[in-house]
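Scroll down for the structure; my scribbles are underneath it.
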Amino acid sequence: MSDQQAVTEMFDDISPRYDFLNHLLSFGIDKRWRRKTSQWIARQQPTAILDVATGTADLAIRMAKDIPSASIVGVDLSVKMLEIGKQKILQKQLDQRIHLETADATHLPFGDNSFDAVTAAFGVRNFEHLEQGVREMLRVAKDDGAIAILEFSHPQKGFIRMPYHCYSKHILPRIGRSVSKHPSAYRYLPESVEAFPDGETFMSLLKETGLTAVGMRRFNGGIATLYYGCVQKKPVTLQ
Ligand SMILES: C[S@@+](CC[C@H](N)C(=O)[O-])C[C@H]1O[C@@H](n2cnc3c(N)ncnc32)[C@H](O)[C@@H]1O
């Protein structure tokens, strides 16, 4: 089994408890981070949005509420995460605005220049091939399209870093295991965050793959970071 298949299986397994644990383990702050991401995307005024690694569709739903003129496609490899997302979309009567389908973010089934904005929340660190996933996001975005990637990061300041480290390494995996009944999923979470090249390193990767006007905004001392930028496809012509 590949690493990607193992990750997909893990998300399938924890899908019934995913939303509950997300909000519990983050004390609900994750909703604020997604709202900030959605607000940045709303300012770009997109009409066609792709949300990759959409999971149970929380960011897609947030964007549908914040951007009434937008239609949103969400893709994910975990069929069970998507099933829960579809139920939530139906309950909120957003099924005319949000469409979910199974797809690998590193091989997106969409043509070049298809979307005004492409987003990902807490998804990219799970990609087996991070750079390939980012390249795909840029490929399917239109010229001048917007990219927003929300991801966990490494808090910089000692007074946050120490307690956060203790919480994520020792407390979070125990609560996660006892609620989800999955032996390792919530140990994987801090390990995958630790392994992710965050901050300036990830900004450099975004620039190398062709994103311009790249910026980042750290939330809650750097527990999570929003990376954003603009896709520039036309070559710059010198006069
Ligand atoms: C931590 S969840 C995030 C879900 C959602 N975006 C959110 O904000 O809660 C990560 C998701 O990434 C998905 N994922 C991981 N690798 C993927 C890939 N290569 N293609 C599509 N989805 C992927 C997983 O199946 C999982 O649903």
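Under the numbering used here, the first residue of the sequence shown carries the number 98, and numbering increases by one thereafter.
No residue lacks a Cβ here, since even glycine has one placed at the ideal position from N, Cα and C.
Under the three-state reduction of DSSP output, Leu174 falls in the coil class, being neither helix nor strand. Contact check for Ile320 against Phe249 passes: the beta carbons are separated by less than 8 Å. The beta-carbon distance between Ile169 and Arg131, rounded to whole angstroms, is 13 Å. This is too long to meet the 8 Å contact definition.
Not one heavy atom of ligand 1 sits closer than 7 Å to the Cβ of Thr309. Between Val149 and Val104, the alpha-carbon positions lie close to 15 Å from each other. Scanning its chain for C-beta atoms nearer than 6 Å, with the 5 sequence neighbours on each side dropped, one finds around Gly312 the residues Tyr325, in chain order. In the displayed model, Asp295 falls within coil according to three-state DSSP, outside both helix and strand.
Going by DSSP, Leu147 is part of the beta strand (DSSP E) stretching over 145-149. A distance criterion of 7 Å places the beta-carbon of Gly273 beyond contact range of ligand 1, judged by its closest non-hydrogen atom. Counting only the Cα atoms, Pro260 lies some 39 Å from Leu205.
Thr306: not part of any beta strand (DSSP E); DSSP gives it neither H nor E.
Boundaries for Tyr261: no beta strand (DSSP E) harbours it, while the alpha helix (DSSP H) harbouring it runs 255-263, taken from the DSSP string. In the pairwise beta carbon analysis, the segment 298-307 is classified as not touching the segment 128-144: fewer than three pairs are separated by under 8 Å. Per DSSP, the unbroken beta strand (DSSP E) holding Phe212 starts and ends at 212-218.
DSSP places Gly208 in the coil class of the three-state scheme, outside both helix and strand.
Using a Cβ-Cβ distance cut-off of 8 Å, the segment 262-280 and the segment 160-176 are not in contact, since fewer than three pairs of beta carbons, one from each stretch, lie closer than that value. When beta bridges are read from the DSSP output, Ile169 appears opposite Ile146, Ile195.
The three-state reading of DSSP puts Ala238 in strand, counting E and B together. Setting aside the 5 residues that flank it on each side, Met300 is surrounded in the same chain by Val311, Met313, Tyr324, each with a C-beta closer than 7 Å to its C-beta; the list follows chain order. Collapsing the DSSP output to three states places Ile111 in a helix. With respect to Thr151, Ala145 sits apart: the two C-beta atoms are not nearer than 8 Å. The closest heavy atom of ligand 1 lies less than 7 Å from the beta carbon of Thr105. Rounded to whole angstroms, the gap between the alpha carbons of Ala218 and Gly296 is 15 Å.
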